[in-house]
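Peer 1:
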Amino acid sequence: MSKIRTRFAPSPTGYMHIGNLRTALYAYLIAKKDDGDFILRIEDTDQGRLVQGAVDIIYNTLKQCGLNHDEGPDNGGNYGPYVQSERMRSGIYHEYAHKLVEMGKAHYCFCKEEDIEKQRNEQGDSFYFVDPCKLLSKEEIQKKLDAGEPYVIRLNVEPEGTTSFTDEVYGTITVENKTLDEMVLLKSDGFPTYNFANVIDDHLMDITDVVRGNEYLSSTPKYNLIYEAFGWDIPRYIHCPPVMKDEHQKLSKRNGDASFQDLLAKGYLPEAILNYIALLGWAPSEDREIYSLSELAQAFDVKRIGTTGAIFDIDKLTWMNGVYIRNMEKDKYYDLVKPYIQETLGTGFNSELIADAIHDRINTLSEIKDMITFFEKADEYDDDVFFNKKAKTDPEVAKTILPIVKECLESLDNWNNQNIFEILSNKAKELGYKNITMMYPMQVALSGRSVAPGGATAIAEILGKKETLDRIDQALNKLS
RNA sequence: GGUCAGUUGGUGAAACGGUUAACACAUCGCCCUCUCAAGGCGACACUCACGGGUUCGAAUCCCGUACUGAUCACCA
3 MSKIRTRFAP SPTGYMHIGN LRTALYAYLI AKKDDGDFIL RIEDTDQGRL
53 VQGAVDIIYN TLKQCGLNHD EGPDNGGNYG PYVQSERMRS GIYHEYAHKL
103 VEMGKAHYCF CKEEDIEKQR NEQGDSFYFV DPCKLLSKEE IQKKLDAGEP
153 YVIRLNVEPE GTTSFTDEVY GTITVENKTL DEMVLLKSDG FPTYNFANVI
203 DDHLMDITDV VRGNEYLSST PKYNLIYEAF GWDIPRYIHC PPVMKDEHQK
253 LSKRNGDASF QDLLAKGYLP EAILNYIALL GWAPSEDREI YSLSELAQAF
303 DVKRIGTTGA IFDIDKLTWM NGVYIRNMEK DKYYDLVKPY IQETLGTGFN
353 SELIADAIHD RINTLSEIKD MITFFEKADE YDDDVFFNKK AKTDPEVAKT
403 ILPIVKECLE SLDNWNNQNI FEILSNKAKE LGYKNITMMY PMQVALSGRS
453 VAPGGATAIA EILGKKETLD RIDQALNKLS
């Protein structure tokens, strides 16, 4: 069997949206599962929709995700060029369209749009465009061409019979030929239509597996007709169900839905995003959800791609992102998180201790900031914060507890979490308190918060002895 | 409207004619605990859009209905 070759063929029209990225992922996985090649092709023939910098976004996104392409505009390959506008300049589409005319599989059409519109209106729903130009003799055609009349090239389609194809996801689909138009291959401006260029490129690049969104399911028979006209092998088709924003709408950048870039900015990790979207529309055969990219490639199976649109659930992504953060190696985790810590606190604190304190408490990187601002300066707080049902504390209790805490800590020389905890918890036991009764008021004094990462003793360690005692004093002043 | 496709809990989903309809997220309890998390345990679809049929037996196969989506361009 020949080597599997898949391609990702985006238009550079702006941000990379999630559905698009997932299609790229699937194409990548299908290739890599069988040691095949993954190709990047830029489809930029619609000059009007081009967006500055969009190609770089595509490169960057693929790179950040580890979806490395074996061939593409930036790294070359034996099937170039990989940018459609460049391919067009070489005249291949023009050449192949005319080849089809010579073969008698396509024809020149000089019809005006109004003529077609007229037919369409007359026929209504059962519209089937009957092209009068098909009846033109060779001489008549040549005369029109010589006269410089604008023309398009249309594929010949016999209205009788049916065309069917097998999709790896949706199964065998059959349509009647009379529902198919004699599609335009080459436009009057000499540009190929998207569909035509696609088929030519896929064939010329030896693409074995065409992976794309299921919105192309309906036009696939037309593609097949082109392959058949040339006598080319038809690729395997893998149509993917859409990624939805809700029950009715797809995720799309037009609606302002989250793009890959947006998710990164919100503190999600590329690996987690990729892992999550792999599971939107595909399910592994084993009971497992966390997969690295290479593990996905191994486990991936086209047969297990679903047929229904899957709603993007940010909550589950958030959970999964947290799993990635928690499972990360310590050093990698510190490297990841330190910039965020130092961005809000500077370098005055032991950022590794802070990183430890927030480790189990963050799901996304963007949660870090709010969680740690109190280290710089305790939050302003109301005395009511000292109320805690479980600790049985209130401002009055705090007033009696805090001096005890202070006394213990003043006597402590070896300042670390462990020792702080021990001395306080021993004291609590001695006085017949629960730990929480000692710790909670202390936490409030140190952070100004009812909820803080790490707990009172971890915070005390990070703040240092002096600052800890100062903040306790401040709390005491405030209470009196 | 024509054509094509889809329909299992709030969400992702498993099941390939026979199970109490997995598992995960979310939610809600409980446990653990120096708060919150994390972690542990448990609850959560009398039922697989609906109606028929086939079968000893259907979420699974067939037909119909409803609903949803896609597509019907010299746009990609």
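According to the numbering used here, the first sequence holds residues 3 to 482 in order.
Virtual Cβ for every residue (Gly too), placed ideally from N, Cα, C.
All values derive from a computational prediction rather than experimental measurement.
1. Is there contact between the stretch 295 to 303 and the stretch 344 to 357, where contact requires at least three CB pairs shorter than 8 angstroms?
2. Below 8 angstroms, how does it come out for the stretch 69 to 86 and the stretch 280 to 288: are there three or more Cβ pairs, yes or no?
3. Do you know how far the Cα of Y336 is from the Cα of D259?
4. Expressed to the nearest angstrom, what Euclidean distance is found between the alpha-carbon atoms of A462 and N323?
5. Have a look at L465 and L411 and give me their C-alpha separation to the nearest angstrom.
6. Is the separation between the beta-carbon of L253 and that of I20 shorter than 7 angstroms?
7. Less than 7 angstroms between the beta carbons of L513 and L206, yes or no?
8. With a CB to CB cut of under 6 angstroms and the five nearest residues on each side skipped, what residues in its chain are close to D385?
9. Going straight from the alpha carbon of Y28 to that of K145, what length do you get?
10. Among F389, T168, V339, K247, which one has its Cα closest to the Cα of T222?
11. Grab the span of the beta strand (DSSP E) containing F40 for me, first residue to last.
12. Go ahead and label M18 buried or exposed: buried means 16 or more other beta carbons lie within 10 angstroms of its beta carbon, across all protein chains shown.
13. So does the stretch 33 to 40 actually touch the stretch 5 to 17, counting three or more Cβ pairs closer than 8 angstroms?
14. Indicate the three-state DSSP secondary structure (helix, strand or coil) for E297 in the structure shown.
15. Hey, how far is the Cα of G308 from the Cα of N257?
16. Please state the DSSP three-state secondary structure of E412.
17. Please determine if the stretch 473 to 480 and the stretch 444 to 454 are in contact, where contact requires at least 3 C-beta pairs separated by less than 8 angstroms.
18. Helix, strand or coil for R256 per DSSP?
19. Look up H205 in the DSSP assignment and say whether it is helix, strand or coil.
20. How far does the alpha helix (DSSP H) with E104 in it extend, from its first residue to its last?
21. Keeping to the same chain, check which residues put their C-beta closer than 6 angstroms to that of C506; ignore five residues upstream and five downstream.
22. For Q251, does the count of other Cβ atoms within 10 angstroms reach 16, so buried, or fall short, so exposed?
23. Can you check whether the CB of P443 is closer than 7 angstroms to the CB of L404?
24. What is the residue span of the alpha helix (DSSP H) that A430 lies within?
Peer 2: Considering the structure as presented:
1. no
2. no
3. 31 angstroms
4. 29 angstroms
5. 13 angstroms
6. yes
7. Past the edges of the chain, shown from 3 to 482, lies residue 513, and the structure says nothing about it.
8. P397
9. 50 angstroms
10. T168
11. 39 to 42
12. buried
13. yes
14. helix
15. 25 angstroms
16. helix
17. yes
18. coil
19. helix
20. 94 to 104
21. The question about residue 506 has no answer here: the residues shown for the chain are numbered 3 through 482.
22. exposed
23. yes
24. 419 to 433
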